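Peer 1: Protein chains in written order, with our numbering: chain A, 1 to 284; chain B, 1001 to 1234. One structure follows; several queries about it will come next.
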Amino acid sequence: MLGQIISNGLLMGFIYSLVAVGLTLTWGVMDITNFAHGEMLMLGMYSAFWMFQLYSIDPLLSIPISAAVIFVLGILIYKLIIKKVLGGTGLTALLATFGLSMFLKNLVQYLWTPNYRYINGAIVTDNKIVIGNIILGMPQVVAAIGSIAMTLIVIYFMNKTKTGKAIQATALNRDTASLMGIDTGKIYAITFGLSGACVGVAGALMSSFFPIYPQSGALYSILAFVIVALGGFGNIKGALFAGLIIGLTEAVGGYFLGTQFKYALVFLIYLIVIQVRPKGLFGW
Amino acid sequence: MLKVKNLKVGYDNVPVIFDVSFEVREKEVVSIVGSNGAGKSTILRTVSGLLKPMNGEIEFFGERIDGLRPNKIVERGISHVPEGRHVFGKLSIKDNLMMGAYIIKSEAEKNKKLSEVYEIFPKLKERENQKAETLSGGEQQMLAIARGLMSNPKLLMVDEMSLGLAPLMVETVMQALKYVSSTGLTVLLVEQKVQEALEIADRGYVIQNGRMVIEGTGEELMETDIVKKAYLGL
Ligand SMILES: Nc1ncnc2c1ncn2[C@@H]1O[C@H](COP(=O)(O)OP(=O)(O)OP(=O)(O)O)[C@@H](O)[C@H]1O
Ligand SMILES: [Mg+2]
């Protein structure tokens, strides 16, 4: 039984990680609080849903589509909102993205109703993997594998490519980065796009086994904030491991204490870690 | 090559540079000297596009560059090594240098620049894979200058390179600058250490409270009363 719970927790943990990796790019690396991160995830789920509904494209195949859609959305959010408030105090960006988050939720509710939507009959649906007495749902397994793959792509991009290193340099010191000839405005836009691509992928992966509705991104976004802080701001590997810890805590805690307490336990773990390591598990 | 005319710059609309004009000619080493808060860094930040002038013109090879964004100014051939070094501490030494070569497209040319700066600063090559933050202050200054050379600039501007360095280290860094200027690079130095800066300069300017007060060759300036009294303690 415990094996089953731990497996479920780990599978969920990988998805949490990917959502948190997206957030750590903007919040941790660029130091911009994007409260609309969860709504970007929600729109990623909807884009997979509509691809399925309108064009019968399986969520697995629409991963690159929703990644691209939310990548563009991320860039737009940067250009239309973040860029305008960047010079102001941290609170300005916070309020602006909070407003955006409300706006997106309401817009989606207005356009597509508050009803729960499900994707029925995706390729992965109803398939299982049985290992001994542990049963793993295929949608969850595929989502975890997809999340790991996307996280690895982001880690590779950040550490091995010229643009990834320019993102790091811009995060470390924006003015000095611009003295290197880096177009820092473009770097910020790309970072937001990449953050969007992460939740676009996560949204498509989750769409085959989670209800899709205007609020569906909210919880994951709160968890992502906790995970980013737990893993250490701006640390992508930190977000990966912290996501797993939260997934496990939630599953194991939910089993032993009852589901109503699982998030309390998540925040308790967070508070304890932050006492011992204020900069997070993998903080600089 | 660089002509600054009647420059006025401020922060939040409060001017700190008033009507400053100066010029740097090709292959020269020019020093702007002055004490704390005189406005030296502000001038360099304006030339490199980090600050917008309230008034005045900046010309580089006869073309106006004031108003361009910093990355465009780097592309024109001006490299600015900022005060306080600002190396990218969490990136490796080699990655810092490669960031310096960000505007260079060809990998071959980047690697050629890399081996050139490693020849000038061999210490950096020995430690190329270590994080920049592990370097000592003097070594970080070397790295900052080396990084500034990586974009293959026509004009290298160095702000306060002696800051926080032991005299021996200042000497080493000065030697390195002398060497790069001997290869034909034009250098604009900004310094509080008046003597050292004027010694290696072909020409210099003295700035006080946001205004240029005198100019001349390095030797001439060291003979003036202003410099002797105010800066050399004679
Ligand atoms: N970011 C800023 N905001 C407001 N005022 C500033 C800012 N930076 C510099 N100043 C002011 O502008 C004036 C010139 O400063 P600047 O840094 O150019 O002097 P400096 O000659 O480089 O001095 P130092 O030798 O100490 O580096 C000073 O009075 C300083 O207080
Ligand atoms: Mg200064």
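Here a beta-carbon is modelled for each residue, glycine too, at the ideal position from N, C-alpha and C. No experiment lies behind these values; they were computed from the predicted model shown.
1) Taking 7 Å as the cut-off, is the C-beta of residue 31(A) nearer than that to any heavy atom in ligand 2?
2) By the DSSP assignment, the alpha helix (DSSP H) with residue 1191(B) in it spans what residues?
3) Using a threshold of 8 Å, state whether the C-beta atoms of residue 1163(B) and residue 1031(B) are closer than that.
4) Return the chain-ordered list of same chain residues with a C-beta closer than 7 Å to the C-beta of residue 1174(B), the five sequence neighbours on each side being excluded.
5) With three or more beta-carbon pairs closer than 8 Å as the criterion, would you say the region 185-194 of chain A touches the region 53-64 of chain A?
6) Would you verify that the beta carbon of residue 1099(B) is, or is not, closer than 8 Å to some beta carbon of chain A?
7) How far does the beta strand (DSSP E) with residue 1211(B) in it reach, from first residue to last?
8) Could you check if residue 1196(B) belongs to the surroundings of ligand 1, using beta carbon to heavy atom distance under 7 Å?
9) What does residue 1050(B) touch in chain A if you count any residue whose Cβ is under 9 Å from its own?
10) Assign residue 1066(B) to buried or exposed, taking buried as 16 or more other Cβ atoms, counted over all protein chains shown, within 10 Å of its Cβ.
11) Checking contacts by CB at 8 Å: is residue 1235(B) closer than that to chain A?
12) So that I know if they touch, is there some Cβ in chain A lying closer than 8 Å to that of residue 1145(B)?
13) Using only alpha-carbon positions, find the residue among 82(A), 10(A) and 108(A) that is nearest to residue 287(A).
14) What are the start and end residues of each continuous beta strand (DSSP E) run of 3 or more residues lying completely inside the region 1121-1194 of chain B, in chain order?
15) In chain order, which alpha helix (DSSP H) runs of at least 4 residues are fully inside the region 95-182 of chain A?
16) For residue 53(A), does the three-state DSSP call read helix, strand or coil?
17) In angstroms with no decimal places, state the Cα-to-Cα distance between residue 1037(B) and residue 164(A).
18) Taking all protein chains shown into account, decide if residue 128(A) is buried (16 or more other Cβ within 10 angstroms of its Cβ) or exposed.
19) For residue 1036(B), is the beta carbon positioned less than 7 Å from some heavy atom of ligand 1?
20) DSSP puts residue 1208(B) in a beta bridge; with which residues?
21) Measure the beta-carbon distance from residue 35(A) to residue 91(A) and round it to whole angstroms, keeping in mind my assumption that it falls under 8 Å.
22) For residue 169(A) and chain B, any beta-carbon pair shorter than 8 Å?
23) Strictly closer than 7 Å from CB to any heavy atom of ligand 2: give me those residues in the order they appear in the chain.
24) So which residues on chain B does residue 182(A) lean against when the C-beta distance must stay under 8 Å?
25) Would the C-beta of residue 1205(B) count as close to ligand 1, meaning under 7 Å from any of its heavy atoms?
26) Name the chain B residues that come within less than 8 Å of residue 165(A), Cβ to Cβ?
27) So is residue 1075(B) in contact with chain C if we call contact Cβ pairs under 8 Å?
28) In the DSSP assignment, the alpha helix (DSSP H) including residue 278(A) goes from what residue to what residue?
29) Under 9 Å Cβ-Cβ, which residues of chain A neighbour residue 1053(B)?
30) Anything in chain A within Cβ reach of residue 1082(B), meaning under 8 Å, just list it in chain order.
31) If we count the other Cβ atoms within 10 Å of its Cβ and call it buried at 16 or more, is residue 12(A) buried or exposed?
32) Show which residues of chain A have a CB atom less than 9 Å away from the CB atom of residue 1151(B).
33) With a threshold of 6 Å on Cβ separation, who are the neighbours of residue 1203(B) within its own chain once the five nearest residues in sequence on each side are excluded?
34) What is the rounded straight-line gap between the Cα of residue 1134(B) and the Cα of residue 1091(B)?
35) Rounded to whole angstroms, what is the Cα-Cα separation between residue 1139(B) and residue 1026(B)?
Peer 2: Let me spell this out:
1) Here residue 31(A) refers to the residue found at position 31 of the first sequence. Checking the Cβ of residue 31(A) against ligand 2 gives no.
2) Here residue 1191(B) is taken as the residue at index 191 of the second sequence, counted from 1. It is not in any alpha helix (DSSP H) - residue 1191(B) instead sits in the beta strand (DSSP E) that spans 1186-1191.
3) Looking up residue 1163(B) in the second sequence gives position 163. Looking up residue 1031(B) in the second sequence gives position 31. Not a contact, by the Cβ cut-off of 8 Å.
4) On the second sequence, position 174 is the one that residue 1174(B) refers to. So the qualifying residues of the chain are 1196 and 1200.
5) Result no; under three Cβ-Cβ pairs closer than 8 Å.
6) Counting from one through the second sequence, the residue named residue 1099(B) turns up at place 99. Taking Cβ atoms only, chain A reaches closer than 8 Å to residue 1099(B), which makes this a yes.
7) Within the second sequence, residue 1211(B) is the residue found at index 211, counting from 1. Here the beta strand (DSSP E) through residue 1211(B) covers 1211-1217.
8) Residue numbering aside, residue 1196(B) sits at position 196 when the second sequence is read from its first letter. It does not: the Cβ of residue 1196(B) is nowhere closer than 7 Å to a heavy atom of ligand 1.
9) Locating residue 1050(B) in the second sequence gives position 50, where the first residue counts as 1. Going along chain A in sequence order, the residues near residue 1050(B) (Cβ under 9 Å) are 175, 178 and 179.
10) Taking the first residue of the second sequence as 1, we reach residue 1066(B) at position 66. Residue 1066(B) comes out buried.
11) Residue 1235(B) lies beyond the stretch modelled for chain B, which goes from 1001 to 1234, so this question has no answer here.
12) In the second sequence, counting from the first residue as 1, residue 1145(B) sits at position 145. Chain A contact via Cβ: absent.
13) No information on residue 287(A) is available, as it lies outside the stretch 1 to 284 that chain A covers here.
14) Fully enclosed beta strand (DSSP E) runs of 3 or longer: 1155-1159 and 1186-1191.
15) Correct list: 138-160, 162-172 and 174-179.
16) As a position in the first sequence, residue 53(A) is number 53, starting the count at 1. Residue state, collapsed to three classes: helix.
17) One-based indexing of the second sequence puts residue 1037(B) at position 37. One-based indexing of the first sequence puts residue 164(A) at position 164. Cα to Cα, residue 1037(B) sits roughly 36 Å from residue 164(A).
18) The residue you call residue 128(A) lines up with position 128 of the first sequence. So residue 128(A) ends up on the exposed side.
19) To locate residue 1036(B), count along the second sequence from 1; it is residue 36. Because some heavy atom of ligand 1 lies under 7 Å away, the Cβ of residue 1036(B) counts as near it: yes.
20) The residue given as residue 1208(B) occupies position 208 in the second sequence. Beta bridge pairing from DSSP links residue 1208(B) with 1211(B).
21) Along the first sequence, read from residue 1 onward, the residue named residue 35(A) stands at position 35. Along the first sequence, read from residue 1 onward, the residue named residue 91(A) stands at position 91. Actually they are not in contact, since the Cβ atoms of residue 35(A) and residue 91(A) sit about 12 Å apart, beyond 8 Å.
22) Here residue 169(A) is taken as the residue at index 169 of the first sequence, counted from 1. The C-beta of residue 169(A) comes closer than 8 Å to at least one C-beta of chain B.
23) The set, ordered by position in the chain, is 1040(B), 1041(B), 1083(B), 1159(B), 1160(B) and 1190(B).
24) Indexing the first sequence from 1 puts residue 182(A) at position 182. Here the neighbours are 1071, 1099 and 1102.
25) Position 205 of the second sequence, counted from the start, is the residue given in the question as residue 1205(B). No, the beta carbon of residue 1205(B) sits no closer than 7 Å to any heavy atom of ligand 1.
26) Working through the first sequence from its first residue, we reach residue 165(A) at position 165. Chain B residues near residue 165(A): 1091, 1095, 1098 and 1099.
27) Checking the listed chains, one finds no chain C in this structure; the protein chains it contains are A and B.
28) The residue you call residue 278(A) lines up with position 278 of the first sequence. It is not in any alpha helix (DSSP H) - residue 278(A) carries neither H nor E in the DSSP assignment.
29) Within the second sequence, the letter at position 53 stands for residue 1053(B). Near residue 1053(B) there are no residues of chain A at all, since even the closest Cβ is about 17 Å away, more than 9 Å.
30) For this step, residue 1082(B) is matched to residue 82 along the second sequence. Correct list: 175, 176 and 179.
31) Taking the first sequence and counting its residues from 1, one reaches residue 12(A) at position 12. Under this definition residue 12(A) is a buried residue.
32) Here residue 1151(B) refers to the residue found at position 151 of the second sequence. Per Cβ cutoff of 9 Å: 180 and 181.
33) Translated into positions along the second sequence, residue 1203(B) becomes position 203. Same-chain partners within the cutoff: 1030 and 1217.
34) By 1-based counting over the second sequence, the position of residue 1134(B) is 134. By 1-based counting over the second sequence, the position of residue 1091(B) is 91. The straight-line gap from Cα to Cα measures roughly 10 Å.
35) Taking the second sequence and counting its residues from 1, one reaches residue 1139(B) at position 139. Taking the second sequence and counting its residues from 1, one reaches residue 1026(B) at position 26. Inter-residue distance for residue 1139(B) and residue 1026(B) is about 28 Å (C-alpha atoms, whole angstroms).
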